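J.: Quick one: this structure, given as structure tokens, is what I'll be asking you about.
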Amino acid sequence: MTKETMNTIPDIIIAIDGYSATGKSTLAKLIAAEFGFTYLDSGAMYRAVTLHAMESGFVKGEAIDADALLADLTKNGLDINFGEGNRAFIGSRCIEKEIRSMEVSSHVSPVAALAFVRAFVDEKLHEWGRRGRVVMDGRDIGTAVFPDAQLKLFVTASDQVRAQRRYDELIEKGQPSSMEDVMKNLKERDYIDSHRETNPLRQAKDAFVLDNSDMNLHEELVWVKGLVMGRFQLFEAI
Ligand code: DC
């Protein structure tokens, strides 16, 4: 996209929601780069809180000491920020690798289901969103965090495709896992994310659905670009 066309895109928020491992964040990053927008990964925020809870001893087996986590967040806050290449940090410590581990993946959904954790993360997301020209991905961005987002996408893909993608990603990162464990984790997270009491994963009524099971990234980007250009009546000079 030319710089001129980029500049004609209004200061909108693009909300991308969907199940785990549907490739939301990869697509969101591409869209952000194409449109000159800021990308924000809300899942990384929940993962950062989860890592912090685990390292602070608030997660014991399946149990979470919610009172201790609440007291800690209230007293000390948690300085989650993003550096170059969208890498997540707590303070000055890069936590990108740790938050993508299977261990964090297996605890993040119950932590993200806690209402006070959602309020904590939402406040930060609103702060960033106010600046506009943002692509944000997550589970409740179009339904709860930014219900007025000007463009909402709901991304889906088949279970098999999602599990294979996550499995390949873990291998690539040198954190191999079995296909069985990956599938189990995805199903568990799908269930918890869509059944929790506070802002469960739902498709917003005004979201455009993108099933990318049989699409490559380039095709997805072309699809989204067409949507944005059509929606805002933009025309790209050839
Ligand atoms: O997108 P992800 O897999 O990195 O997200 C990790 C977890 O965080 C996901 O299982 C549920 C939670 N999450 C959420 O509850 N709401 C969001 N907006 C984003 C993520």
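Counting in our numbering, the sequence shown runs from 45 upward without gaps.
Where is the CB? At the ideal position from N, CA and C, for every residue including glycine.
Keep in mind it's a predicted model, so treat the numbers as computed, not measured.
#1: Looking at C-alpha atoms only, which residue of R275, D109 and V205 is the closest neighbour of V161?
#2: Distance, Cα to Cα, I58 vs L195?
#3: Less than 6 Å between the CB of D237 and some heavy atom of the ligand DC, yes or no?
#4: Pull up the distance between the alpha-carbon of Q277 and that of E224, whole angstroms please.
#5: For a test of your reading of the model: does the CB of A132 fall under 6 Å from any non-hydrogen atom of the ligand DC? Yes or no.
#6: Rounded to whole angstroms, what is the Cα-Cα separation between S221 and E48?
#7: Say the cut is 6 Å; is the CB of S86 nearer than that to a heavy atom of the ligand DC?
#8: Alpha carbon to alpha carbon, what distance is there between E140 and R183?
#9: Quick one, are the C-beta atoms of L265 and L84 less than 7 Å apart?
#10: Assuming V103 and H151 form a contact by the criterion Cβ under 8 Å, report the distance between their Cβ atoms to the nearest whole angstrom.
T.: In short:
#1: D109
#2: 5 Å
#3: yes
#4: 46 Å
#5: no
#6: 45 Å
#7: yes
#8: 20 Å
#9: no
#10: 6 Å
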